[in-house]
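Here's the structure, in structure tokens; my notes come after.
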Amino acid sequence: MIQAVNNSQALNVAMLTVCVDRDLTDKLLQPTAHMPWKVAPAESEEYMSPLRRTQFSIDVKNADAIIAVVDFDQDAELALETTAYLHQLFFGKIAVIALSSLADSELLLRAMRSGCNEFLKKPFDPIPFAKTLDRLEQQWSNNMGRARNTGQILSFFGAKGGVGTTTVAVQLATFLVRCHKKKVLLIDNHQELGHVCLYLGLDGNRYHFHELLRNVDRLDSDLLRGFIATHQSGLDVLSSPDSHDALRNIDPDAIERTLEFLRGEYDYVLLDCETSFAETNLAVMDRSDQIYLIATPEIGAIRDLSRYIDGLIQNEHTTVKVHVVINRFSSRDAVGIEQIEKAIRLPVEVRICNSYAECVRAINVGEPIGPERKSEFSLQFTKWSNMLVGANSTELAPPAKKRFALW
1 MIQAVNNSQA
11 LNVAMLTVCV
21 DRDLTDKLLQ
31 PTAHMPWKVA
41 PAESEEYMSP
51 LRRTQFSIDV
61 KNADAIIAVV
71 DFDQDAELAL
81 ETTAYLHQLF
91 FGKIAVIALS
101 SLADSELLLR
111 AMRSGCNEFL
121 KKPFDPIPFA
131 KTLDRLEQQW
141 SNNMGRARNT
151 GQILSFFGAK
161 GGVGTTTVAV
171 QLATFLVRCH
181 KKKVLLIDNH
191 QELGHVCLYL
201 GLDGNRYHFH
211 ELLRNVDRLD
221 SDLLRGFIAT
231 HQSGLDVLSS
241 PDSHDALRNI
251 DPDAIERTLE
261 FLRGEYDYVL
271 LDCETSFAET
281 NLAVMDRSDQ
291 IYLIATPEIG
301 AIRDLSRYID
311 GLIQNEHTTV
321 KVHVVINRFS
331 SRDAVGIEQI
341 EKAIRLPVEV
351 RICNSYAECV
361 RAINVGEPIG
371 PERKSEFSLQ
381 FTKWSNMLVG
391 ANSTELAPPA
401 KKRFALW
């Protein structure tokens with residue numbers, strides 16, 4: 001058995017049990033304490049299917065790998081459906097283990113065909129389970145070692161125009177650089193006339209992201225550097241076209257290839273995207289580790305947000321990596337968080353306070369709000385960036401020198 005280690009590079013593993021009683025869940029968790037992983041337990045008392053939106057915890061969504069133990073004794077057919085659903089949903093990073101008091105060969109075969117990796121017989125014996133964990137550790141060490149050293153892709157979509165999507169993307173990118181000294185690239189993925197460079201006080205006229213996409217066949221680190229504009233904080237930026245030219249045909253495959261290249265160049269790649277289900281946006285979603293949907297607490301935005309989520313499902317994009325962000329939130333809003341969650345049938349994971357005047361001042365001077373301000377708005381982005389990086393405290397980089405300010 002591999003002994004547990006405690007280091008920042010440990011694999012984040014979610015241990016998900018489905019219809020497993022509490023005593024058995026505790027027994028399943030005990031052997032994981034000896035593995036070199038950071039294990040986060042998660043439970044579901046119901047079987048799952050694509051017909052309803054299962055709400056997974058943030059630990060499951062952000063996990064590097066998932067172990068799902070599904071009890072087949074309550075309802076074998078629903079357990080098979082759950083196995084297939086989880087296998088498809090988390091393809092490439094999940095191991096599904098069937099748990100049953102029956103050793104029926106036909107059931108075993110159907111479970112394996114549904115995506116089950118292992119079959120454990122009741123009563124539970126910790127020794128076979130420990131051997132399963134060892135096999136998974138060896139497999140993940142071989143297959144996922146490279147992935148641990150590659151960057152994350154975060155995409156941002158507004159439920160509608162005017163909800164502050166660009167502001168949110170710019171601010172989070174800034175805090176990842178300023179608070180955690182991460183190497184970050186912010187991409188303005190608008191067809192034309194995006195605002196990222198304006199918000200950062202940068203000149204993005206020379207080259208833009210779509211021009212880079214057309215050069216994907218010869219893309220390397222040197223070519224990339226010629227397209228990048230760098231903010232004084234150290235944040236790298238790829239702008240959008242700054243003109244009303246005819247719509248440019250962008251190959252979705254070029255986007256996927258480019259993003260995979262950029263993943264190897266940066267700790268975080270953030271994309272400020274238009275609100276649509278164009279093939280280019282679907283390609284971005286496919287490559288994204290996390291998708292953030294931005295809305296404000298008003299009826300129009302919430303309606304559009306709900307329909308946008310429905311559209312994701314209809315386009316065969318699951319909601320597993322989707323995170324709902326409510327911007328300009330206030331306790332005095334007519335539409336409360338509980339009402340929003342009921343309407344969209346997903347949890348609101350990030351709330352950003354209403355700091356509209358502060359944000360407008362920052363936009364007008366081309367300098368994002370920094371972590372040194374200690375306002376409620378700033379503290380919320382500090383918390384968000386900490387959550388992404390997995391930090392408990394914030395180490396501030398030296399404050400960037402501002403050209404001028406209105407406060």
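So the sequence shown is numbered by full-length UniProt numbering: it starts at 1 and just counts up by one.
Don't be surprised by glycine CBs; every beta carbon is placed ideally from N, CA and C.
Values in this document were obtained by computation on a predicted structure and should not be read as measured data.
Check: Taking the alpha-carbon positions, what's the residue 122 to residue 132 distance?; Outcome: 15 Å
Check: What residue range is occupied by the uninterrupted beta strand (DSSP E) comprising residue 26?; Outcome: No beta strand (DSSP E) holds residue 26; the alpha helix (DSSP H) holding it covers 22 to 29.
Check: Suppose the cutoff is 7 Å on Cβ atoms and the five residues either side in sequence are ignored; what does the same chain contact list for residue 109 look like?; Outcome: none
Check: Since residue 151 is in the beta strand (DSSP E), which residue starts that stretch and which ends it?; Outcome: Looking at the DSSP string, residue 151 is not in any beta strand (DSSP E), and its letter there is neither H nor E.
Check: Specify whether the region 153 to 173 and the region 296 to 303 touch according to this definition: at least 3 beta carbon pairs, one from each stretch, less than 8 Å apart.; Outcome: yes
Check: What residues are listed by DSSP as bridge partners for residue 38?; Outcome: 12
Check: Would you identify the three-state DSSP class for residue 19, choosing helix, strand or coil?; Outcome: coil
Check: What does the alpha-carbon distance come out to for the pair residue 292 and residue 99?; Outcome: 35 Å
Check: DSSP three-state call for residue 180: helix, strand or coil?; Outcome: helix
Check: Does the beta-carbon of residue 171 have 16 or more other beta-carbons within 10 angstroms, so that it is buried, or is it exposed?; Outcome: buried
Check: How many angstroms separate the CA atom of residue 177 from the CA atom of residue 225?; Outcome: 18 Å
Check: Contact check, residue 15 vs residue 33 under 8 Å by CB: the rounded distance?; Outcome: Their Cβ separation, rounded to whole angstroms, is 11 Å, which puts residue 15 and residue 33 out of contact at 8 Å.
Check: With DSSP as the reference, label residue 54 as helix, strand or coil.; Outcome: coil
Check: Can you list, in chain order, the stretches of the alpha helix (DSSP H) that have 4 or more residues and sit fully within the region 51 to 96?; Outcome: 58 to 62, 76 to 89
Check: Nearest to residue 385 by alpha carbon, out of 169, 39, 275, 117?; Outcome: 169
Check: Could you give the first and the last residue of the continuous beta strand (DSSP E) run that contains residue 121?; Outcome: 116 to 121
Check: Which residues in the same chain as residue 155 place their Cβ atom closer than 6 Å to its Cβ, once the five residues preceding and following it in sequence are excluded?; Outcome: 271, 273, 284, 288, 291
Check: Determine the contact status of residue 150 and residue 257, defining contact as a CB-CB distance below 8 Å.; Outcome: no
Check: Between residue 24 and residue 91, how many whole angstroms is the CB-CB distance? I'm expecting something under 8 Å.; Outcome: So it is not a contact: roughly 27 Å between Cβ atoms.
Check: Which residue's Cα is closest to the Cα of residue 127: 30, 215, 230?; Outcome: 30
Check: For the beta strand (DSSP E) that residue 423 lies in, which residues bound it at each end?; Outcome: Nothing can be reported for residue 423, as the shown portion of the chain is limited to 1 through 407.
Check: Considering only residues of the same chain and omitting the five flanking positions on each side of residue 101, which have a CB-CB separation below 6 Å?; Outcome: 73, 122
Check: Taking 8 Å as the cut-off, decide whether the C-beta atoms of residue 238 and residue 261 are in contact.; Outcome: no
Check: Can you tell me the Cβ-Cβ gap for residue 231 and residue 202, rounded? I've got them flagged as a contact below 8 Å.; Outcome: 6 Å
Check: Scan the region 180 to 260 and note each continuous alpha helix (DSSP H) run of 4 residues or more that stays entirely inside, going in chain order.; Outcome: 196 to 200, 209 to 213, 221 to 227
Check: Tell me the start and end of each unbroken beta strand (DSSP E) in the region 321 to 404 that is at least 3 residues and wholly inside, in chain order.; Outcome: 322 to 329, 348 to 353
Check: Using beta-carbon positions only, say whether residue 344 and residue 324 come within less than 8 Å of one another.; Outcome: yes
Check: Decide if residue 249 is buried, meaning its Cβ has at least 16 other Cβ atoms within 10 Å, or exposed.; Outcome: exposed
Check: Pull up the distance between the alpha-carbon of residue 206 and that of residue 300, whole angstroms please.; Outcome: 37 Å
Check: Answer yes if the region 181 to 201 comes into contact with the region 338 to 354, meaning at least three C-beta pairs across the two stretches below 8 Å, and no otherwise.; Outcome: no
Check: Can you check which of these residues, 69, 59, 356, 369, is closest to residue 22 by C-alpha distance?; Outcome: 69
Check: Rounded to the nearest angstrom, what separates residue 165 and residue 243 at their Cα positions?; Outcome: 21 Å
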